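Report on the following structure.
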Amino acid sequence: MITGIYPGSFDPVTFGHLDVIKRAAAMTDRLIVGVLKNNGKTPLFSTDERVNMLQEVTGDLSNVEVVSFSGLLVDFARENNVSVIVRGLRAVTDFEYELMMAQTNRVMEPSIDTIFLSTSLDYAYLSSSMVKEIATYGGDISKFVPSVTAKRIYDKINQN
Ligand code: ADP
361 MITGIYPGSF
371 DPVTFGHLDV
381 IKRAAAMTDR
391 LIVGVLKNNG
401 KTPLFSTDER
411 VNMLQEVTGD
421 LSNVEVVSFS
431 GLLVDFAREN
441 NVSVIVRGLR
451 AVTDFEYELM
461 MAQTNRVMEP
471 SIDTIFLSTS
481 LDYAYLSSSM
491 VKEIATYGGD
501 ISKFVPSVTA
511 KRIYDKINQN
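Everything in the sequence shown is counted per my numbering, starting at 361 for the first residue and increasing by one.
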């Protein structure tokens with residue numbers, strides 16, 4: 361039984377994240393999408409909102425569960441019998457940080473490995489921050505996020 365975790369901020373979830381989730385879910389028996397609570401950035405959406413938005417768009421994937429976590433990823437992974445950490449790689453700019461994280465996590469917990477899924481070309485440019493930026497100026501984000509998510513983003517931005 362292989363349990364994987366795909367950790368991230370998901371502020372908000374994009375088609376790039378969803379692509380990684382679907383591909384990772386096909387390779388694992390159980391995939392936990394872990395929404396990080398304490399990542400030092402000030403998020404647009406609260407942790408609960410980010411979890412709810414992910415649940416909304418992954419409901420059709422039966423082996424995917426979405427939870428939030430705080431503290432060290434390796435501790436959370438150990439507690440949940442996770443053997444594989446999944447991360448997405450978009451461009452070479454992601455590489456240095458991701459490699460350092462993977463190596464550090466492996467020193468802390470040698471039994472848990474990190475695998476990287478290269479982004480689908482369609483989403484190579486896509487980031488949560490870009491989506492927020494476009495939405496702030498009233499741009500069309502329908503190519504970047506699911507329609508239910510887009511609605512929540514516009515609602516949130518209009519509230520602020
Ligand atoms: P974090 O703050 O942990 O980087 P993100 O939500 O920005 O959280 O990203 C979570 C993971 O998803 C990271 O591994 C990131 O590289 C990956 N990711 C983000 N956008 C894309 C995309 N468009 N295609 C593939 N992977 C992506």
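Ideal placement from N, C-alpha and C gives every residue a C-beta, glycine not left out. Here the structure is a predicted model, which is why all the values come from computation and not from measurement.
At a threshold of 8 Å, K397 does not count as near the ligand ADP, since its beta carbon sits no closer than that to any of the ligand's heavy atoms. Between I513 and R450, the alpha-carbon positions lie close to 23 Å from each other. Taking the Cα positions, H377 is about 13 Å away from L391.
In chain order, H377, V393, V395, R410, M413, L414 and S488 place their CB closer than 8 Å to the CB of F370, counting only its own chain and leaving out the 5 sequence neighbours on each side. Between F375 and F504, the beta carbon gap of about 6 Å places them in contact (Cβ cut-off 8 Å). Taking 4 residues as the minimum length, the alpha helix (DSSP H) runs contained wholly in the region 433-493 are 433-439 and 452-468, in order along the chain. T402 carries a coil assignment under DSSP once its states are collapsed to helix, strand and coil.
Around the Cβ of I381, a 10 Å sphere holds 16 or more other Cβ atoms; the residue is buried. Straight-line measurement puts the Cα of L404 at about 8 Å from the Cα of K516. When rounded, the separation of the alpha-carbon atoms in I445 and G419 is 21 Å. Using a Cβ distance threshold of 9 Å, T509 and V373 count as a contacting pair. The continuous alpha helix (DSSP H) containing S507 extends over residues S507 to Q519.
Spanning the alpha carbons of M460 and T363 requires a straight line of approximately 22 Å.
Around V417, the same chain offers V373, L378, P506, V508 and T509 as residues with beta carbons nearer than 8 Å, after the five sequence neighbours per side are excluded. Closest option to G498, judged by alpha-carbon separation, among Y483, A386 and N518: N518.
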